[in-house]
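To convert, count from 1 in the sequence shown and add 6; that's the working numbering. Here is the structure we will look at.
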Amino acid sequence: MDTIASLFSFITTPVSWVIVQFHKVYGAIFGPDTGWAWGLSIVSLVVLIRICLIPLFVKQIKSTRNMQALQPKMKAIQERYKSDKQRQSEEMMKLYKETGTNPLSSCLPILAQSPFFFALYHVLSSIASGKTIGVIDDQLLASARQAHIFGAPLASKFTDSAAEVAALDASLTSVRIVTAVMIILMSASQFFTQRQLMMKNVDLSVKTPYMQQQKMLMYIFPVIFAVMGINFPVGVLVYWLTTNVWTMGQQMYVINQNPTPGSKAQDSYLQRLLKSITQHEEVRGRRRKNIVKVIVAKGSDRNENERRFFAGLTKAGFAAQADGTVIKSDTIVAEAEGGSAAKRQQPKRQTKAQRQAAAAQHATAKDTEEASESAADEAPTTSLEKKPQESAKAAAAEEPKGEAQGDKPARPRANSGGSRQQGKSGQRKGQQRPKHPSSKK
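Quick look at the structure:
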């Protein structure tokens with residue numbers, strides 16, 4: 007570890023200078039030789055470094071999401087060229103270039119922090135050895151060696167012997183208890199940060215090898231930090247615990263405000279946005295408008311969370327516009343209610359036997375209705391008052407025709423007789439077919 011730390015010795019002077027400047031501020035409040043002054047100086051160093059690394063953190067988020075989106079295409083390339091590794095690598099690089107994705111971007115924050123981490127480790131190791139380093143002179147060195155955090159010196163480690171700990175005016179039990187607690191907290195914060203990323207900010211609709219890798223890292227990283235932590239001085243543990251807590255809080259903010267599409271975090275965010283729109287009848291904030299604008303532009307490519315969000319807007323009587331705003335319309339509410347009512351009135355799907363039974367019942371009911379209508383139509387024609395008049399009119403109409411055509415005059419009588427017979431038969435049940443006028447009695 008000393009060999010690795012010596013490679014970053016060029017940055018030990020800037021790191022020691024920043025620590026000394028913060029120590030002057032906190033020393034005036036808590037005292038120059040206290041653990042609070044030196045411990046808060048290290049915490050402030052972490053905060054300053056992480057603020058400077060925010061642009062790299064944004065790139066890391068974008069790269070991680072791009073890698074998640076590219077996993078199906080990458081898997082297809084691996085299956086297609088599994089026998090040709092060179093062609094596979096060429097197609098992978100071509101895919102990265104077309105989409106503007108850099109696989110190393112997800113490691114940028116860790117790579118950028120490593121020089122500061124090893125420089126701080128080198129500074130604290132020099133303090134433990136009683137050597138001046140950077141801008142830390144003999145006076146500051148003596149002050150740092152006297153600083154304790156909950157009874158453990160900043161430069162002590164879990165693996166130190168009792169003699170080494172006694173040289174720093176501390177007990178071995180205190181050092182090991184403090185370092186063990188800090189190692190546990192450091193590993194737990196790392197595990198929770200990775201678990202938060204996997205459970206809330208990953209598109210669970212797409213199963214890719216990337217998700218399996220992230221799940222493995224969720225369990226491997228805490229173990230690695232626990233094993234390495236026993237060789238870290240207390241000051242380095244303070245540094246690493248602070249950066250883990252910062253990462254956890256920063257990631258929590260990103261998940262809540264800019265979640266990954268298709269993830270549980272996006273569903274929660276869109277539900278909160280829908281509630282805000284319903285209460286205020288508008289989209290508040292430029293960032294929220296941009297999110298609505300992006301979802302509108304997707305069209306039919308929206309995921310399940312986004313379609314549910316638009317359905318909620320329609321039900322509440324709002325329509326999202328291309329510029330990210332919403333408009334309220336009573337027509338939208340009526341259409342939504344009408345559509346939902348129609349959907350509720352849809353009958354359930356029946357089996358073939360049920361459909362055949364329903365068809366038979368319908369046919370029987372139709373035959374009965376036709377029979378009743380026919381009986382109702384026959385009833386007026388059997389009336390004794392109307393039949394003589396109709397028979398007389400028919401005879402008067404047929405009589406000239408019979409004379410002109412040379413027909414027998416008995417045809418009208420047969421017709422009237424048939425009418426009388428039809429009138430008598432009208433009293434019978436059911437429909438009776440009338441006789442033809444030319445037929446014999």
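Beta carbons: idealized from backbone N, C-alpha and C, even for Gly.
Taking C-alpha atoms, which residue in Ala322, Pro265, Val52 and Ala43 lies nearest to His29?
Position 23 of the sequence shown holds residue 29. From the listed residues Ala322, Pro265, Val52 and Ala43, the smallest Cα separation to His29 is found for Ala43.
Along the chain, where does the alpha helix (DSSP H) containing Ile25 start, and where does it finish?
Taking the sequence shown and counting its residues from 1, the one referred to as residue 25 is at position 19. Taken as a continuous stretch (DSSP letters only), the alpha helix (DSSP H) holding Ile25 covers Thr18 to Phe36.
Whole-angstrom Cβ separation of Ile25 and Ile48, contact assumed at under 8 angstroms?
Translated into positions along the sequence shown, residue 25 becomes position 19. Translated into positions along the sequence shown, residue 48 becomes position 42. The C-beta separation of Ile25 from Ile48 comes to about 7 angstroms, placing the pair in contact by the 8 angstroms criterion.
What is the rounded straight-line gap between the Cα of Ile297 and the Cα of Thr248?
Taking the first residue of the sequence shown as position 1, residue 297 is located at position 291. Taking the first residue of the sequence shown as position 1, residue 248 is located at position 242. In a straight line, the C-alpha of Ile297 is about 32 angstroms away from that of Thr248.
Could you pull the start and end residues of the alpha helix (DSSP H) that Lys304 belongs to?
To locate residue 304, count along the sequence shown from 1; it is residue 298. Lys304 -> alpha helix (DSSP H) spans Arg292 to Lys304.
Just the Cα atoms here: how many angstroms apart are Ile190 and Pro228?
For the purposes of this step, residue 190 is taken as residue 184 along the sequence shown, with counting starting at 1. For the purposes of this step, residue 228 is taken as residue 222 along the sequence shown, with counting starting at 1. For Ile190 and Pro228, the gap between their C-alpha atoms comes out near 9 angstroms.
Compute the distance between the beta-carbons of Val184 and Gly157, then report whether it is under 8 angstroms.
On the sequence shown, residue 184 is found 178 positions in, with the first residue counted as 1. On the sequence shown, residue 157 is found 151 positions in, with the first residue counted as 1. Cβ atoms of Val184 and Gly157: closer than 8 angstroms.
Give the straight-line distance between the Cα atoms of Thr388 and Thr370, rounded to the nearest whole angstrom.
Looking up residue 388 in the sequence shown gives position 382. Looking up residue 370 in the sequence shown gives position 364. Residue placement at Thr388 is flagged as unreliable, the pLDDT there being 44, under the threshold of 50; a coordinate-derived value is accordingly withheld.
Going by DSSP, name the residue or residues bridged to His154.
Translated into the one-based positions of the sequence shown, residue 154 becomes position 148. Paired residues: Pro159.
By how many angstroms is the C-alpha of Phe122 removed from the C-alpha of Phe238?
As a position in the sequence shown, residue 238 is number 232, starting the count at 1. As a position in the sequence shown, residue 122 is number 116, starting the count at 1. For Phe238 and Phe122, the distance between alpha carbons rounds to 14 angstroms.
Under 8 angstroms between the Cβ atoms of Ser69 and Asn108?
The residue you call residue 69 lines up with position 63 of the sequence shown. The residue you call residue 108 lines up with position 102 of the sequence shown. The answer is yes: Cβ separation under 8 angstroms.
Taking the straight line between their C-alpha atoms, what separation do you get for His154 and Ala34?
For the purposes of this step, residue 154 is taken as the residue at position 148 of the sequence shown. For the purposes of this step, residue 34 is taken as the residue at position 28 of the sequence shown. Spanning the two alpha carbons is a distance of roughly 17 angstroms.
By DSSP, does Met236 sit in helix, in strand, or in coil?
Within the sequence shown, residue 236 is the residue found at index 230, counting from 1. For the record, residue 236 in the displayed sequence is Ile; it is not Met. In the structure shown, Ile236 sits in coil (DSSP, three-state: anything other than H, G, I, E or B).
With C-beta atoms as the reference, is Ala79 less than 8 angstroms away from Leu46?
To locate residue 79, count along the sequence shown from 1; it is residue 73. To locate residue 46, count along the sequence shown from 1; it is residue 40. The identity of residue 79 in the sequence shown is Lys, whereas the question assumes Ala. Taking 8 angstroms as the Cβ cut-off, Lys79 and Leu46 do not qualify as a contacting pair.
Should Pro61 be labelled buried (16 or more other beta-carbon atoms within 10 Å of its own) or exposed?
As a working note, residue 61 is residue 55 in the sequence shown. Counting Cβ neighbours within 10 Å, Pro61 comes out exposed, since fewer than 16 surround it.
May I ask you to verify whether the segment 276-292 touches the segment 239-259, counting CB pairs closer than 8 angstroms and requiring at least 3?
no
Can you pull the DSSP bridge partners for Ala118?
In the sequence shown, the residue the question calls residue 118 occupies position 112. Beta-bridge pairing links Ala118 to no other residue.
Rounded to whole angstroms, what is the Cα-Cα separation between Leu319 and Pro265?
Here residue 319 refers to the residue found at position 313 of the sequence shown. Here residue 265 refers to the residue found at position 259 of the sequence shown. Each residue's Cα considered, the two are about 20 angstroms apart.
Buried versus exposed call for Lys392 [16 or more other C-beta atoms within 10 Å across all chains shown]:
Along the sequence shown, one-based indexing puts residue 392 at 386. Because Lys392 sits at a pLDDT of 44, beneath the cut-off of 50, its placement in the model cannot be relied upon, and the following sentence gives the value as read from the coordinates. So Lys392 counts as exposed.
Ordered along the chain, which non-local residues of its own chain (more than five positions away) have a Cβ less than 6 angstroms from that of Ala134?
The residue labelled residue 134 in the question sits at position 128 within the sequence shown. Once the five neighbours on either side are set aside, the close Cβ partners of Ala134 are Ala161.
Residue ranges of each alpha helix (DSSP H) within the segment 57-110, 4 or longer:
60-86 and 91-105
If you count every other CB in all the chains shown that lies within 10 Å of the CB of Ile226, and 16 or more means buried, which is it?
Position 220 of the sequence shown holds residue 226. Label assigned to Ile226: exposed.
Between Ile236 and the rest of its own chain, which residues show a CB-CB distance below 6 angstroms, the 5 nearest in sequence each way excluded?
The residue labelled residue 236 in the question sits at position 230 within the sequence shown. Phe164 and Thr165, listed in sequence order.
Using the Cα positions of Gly37 and Ser22, report the straight-line distance between them to the nearest angstrom.
The count along the sequence shown starts at 1 and reaches residue 37 at position 31. The count along the sequence shown starts at 1 and reaches residue 22 at position 16. Answer to the nearest angstrom: the Cα atoms are 19 angstroms apart.
Can Gln202 and Met258 be called in contact, C-beta distance under 8 angstroms?
Numbered from its first residue, the sequence shown carries residue 202 at position 196. Numbered from its first residue, the sequence shown carries residue 258 at position 252. Yes, these two residues count as a Cβ contact at 8 angstroms.
Quick one: what's Phe324 bridged to in DSSP?
For the purposes of this step, residue 324 is taken as residue 318 along the sequence shown, with counting starting at 1. Answer by DSSP bridge pairing, in chain order: Lys334.
Ala173: first and last residue of the uninterrupted alpha helix (DSSP H) it sits in:
Taking the first residue of the sequence shown as 1, we reach residue 173 at position 167. Where Ala173 is concerned, there is no enclosing alpha helix (DSSP H), given that its DSSP letter is neither H nor E.
Are the CB atoms of Val242 and Tyr87 nearer to each other than 8 angstroms?
In the sequence shown, counting from the first residue as 1, residue 242 sits at position 236. In the sequence shown, counting from the first residue as 1, residue 87 sits at position 81. No, the Cβ-Cβ distance between Val242 and Tyr87 is not below 8 angstroms.
Compute the Euclidean distance between the alpha carbons of Lys281 and Asp273, then round it to the nearest angstrom.
Within the sequence shown, residue 281 is the residue found at index 275, counting from 1. Within the sequence shown, residue 273 is the residue found at index 267, counting from 1. Going from the Cα of Lys281 to the Cα of Asp273 covers about 12 angstroms.
Step through the CB atoms of chain C and report whether any lies within less than 8 angstroms of the CB of Lys30.
Any reference to chain C falls outside this structure, which holds one protein chain only.
According to DSSP, Ile142 sits in a beta bridge with which residue or residues?
Locating residue 142 in the sequence shown gives position 136, where the first residue counts as 1. Its beta-bridge partners are Ile139.
Look at the Cβ atom of Val302, then the Cβ atom of Ala322, and state whether they are nearer than 8 angstroms.
Counted from its first residue, the sequence shown places residue 302 at position 296. Counted from its first residue, the sequence shown places residue 322 at position 316. Going by C-beta atoms, Val302 is not nearer than 8 angstroms to Ala322.
Within the same chain, show all residues whose beta-carbon is closer than 7 angstroms to that of Val251, passing over the 5 residues directly before and after it, in chain order.
For this step, residue 251 is matched to residue 245 along the sequence shown. If we look at Val251 and ignore the five residues flanking it on each side, its Cβ neighbours are Ser195.
Under three-state DSSP, which class holds Glu288?
Counted from its first residue, the sequence shown places residue 288 at position 282. Here Glu288 sits in coil by DSSP.
Could you check the C-alpha separation between Lys206 and Met192 for me, to the nearest Å?
For the purposes of this step, residue 206 is taken as the residue at position 200 of the sequence shown. For the purposes of this step, residue 192 is taken as the residue at position 186 of the sequence shown. If you take the alpha carbons of Lys206 and Met192, they lie about 21 angstroms apart.
Three-way DSSP call (helix, strand, coil) for Gln411 in this model:
For the purposes of this step, residue 411 is taken as residue 405 along the sequence shown, with counting starting at 1. Residue placement at Gln411 is flagged as unreliable, the pLDDT there being 44, under the threshold of 50; the coordinate-derived value follows with that caveat. Helix at Gln411.
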